[in-house]
Structure formats: structure tokens, C-alpha cells
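Asker: Just so you know, our numbering puts 31 at position 29 of the sequence shown, and the rest follows in order with no gaps. The structure under discussion is supplied below as C-alpha cells; questions concerning it will follow.
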Amino acid sequence: MTRTSNSKTPYINFITEAADLAASLQEACSARNLLRRKGKQSSAEYEQLTRHIEGLSALLQPSWRKGEKKRRRRCQ
């Protein structure tokens with residue numbers, strides 16, 4: 003993410019950063035699925051990955067305020 007010089011609020015330049023964000027989302031999904039297969043759904047690491055995935059998903063999915071229906075995507 004990029005920060006403006008006069009603002010504390012980060013903004014995302016999707017042209018340059020979308021691929022990196024998508025790769026980060028895929029890595030987090032893979033790591034969480036590995037923990038799930040090991041039966042560690044209650045671990046702190048699993049919960050942290052879940053929050054990270056939710057944040058990245060919110061950034062990468064189009065806003066459904068524009069009339070789009072909410073769809074829940076599973077990690078692949």
C-alpha cells in the first residue's frame with residue numbers, strides 16, 4: 003500500500019498492487035488450508051490468517067454498494 007505524503011490514510015494503486023495483493027491472498031489461503039488440514043482451526047495463527055484473508059478479500063472484491071449482490075468466495 004502507498005501512503006500520501008500529507009495523509010495518514012493509505013490508498014491502493016490497483017494498477018501496480020492488485021497482483022501482489024492477489025498473490026498475498028492466495029498465500030494466506032494456502033497457509034490457512036494447511037492449518038485446517040492439521041486440525042489447528044483454534045490456533046492463534048489460524049485466526050490471524052483468517053483476519054488477514056478477510057481484509058484482503060474486502061480490498062480486492064468490488065464494492066457491493068453499487069448494486070452488486072454479496073457473494074462469499076472460498077479460498078482455493
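C-beta: ideal position from N, C-alpha, C; glycine also.
Hey, how far is the Cα of L61 from the Cα of Q50?
Answerer: When rounded, the distance between both Cα atoms is 17 Å.
Asker: To the nearest angstrom, report how far apart E19 and S26 are at their CA atoms.
Answerer: Approximately 11 Å between the Cα atoms of the pair.
Asker: For A33, collect the residues of the same chain with a Cβ closer than 7 Å to its Cβ; drop the 5 residues on either side in sequence, then sort them by chain order.
Answerer: Excluding positions up to five away in sequence, the list reads L51.
Asker: Run the CB neighbour count on A21, radius 10 Å, all protein chains shown included, and call it buried at 16 or more, exposed below.
Answerer: Exposed.
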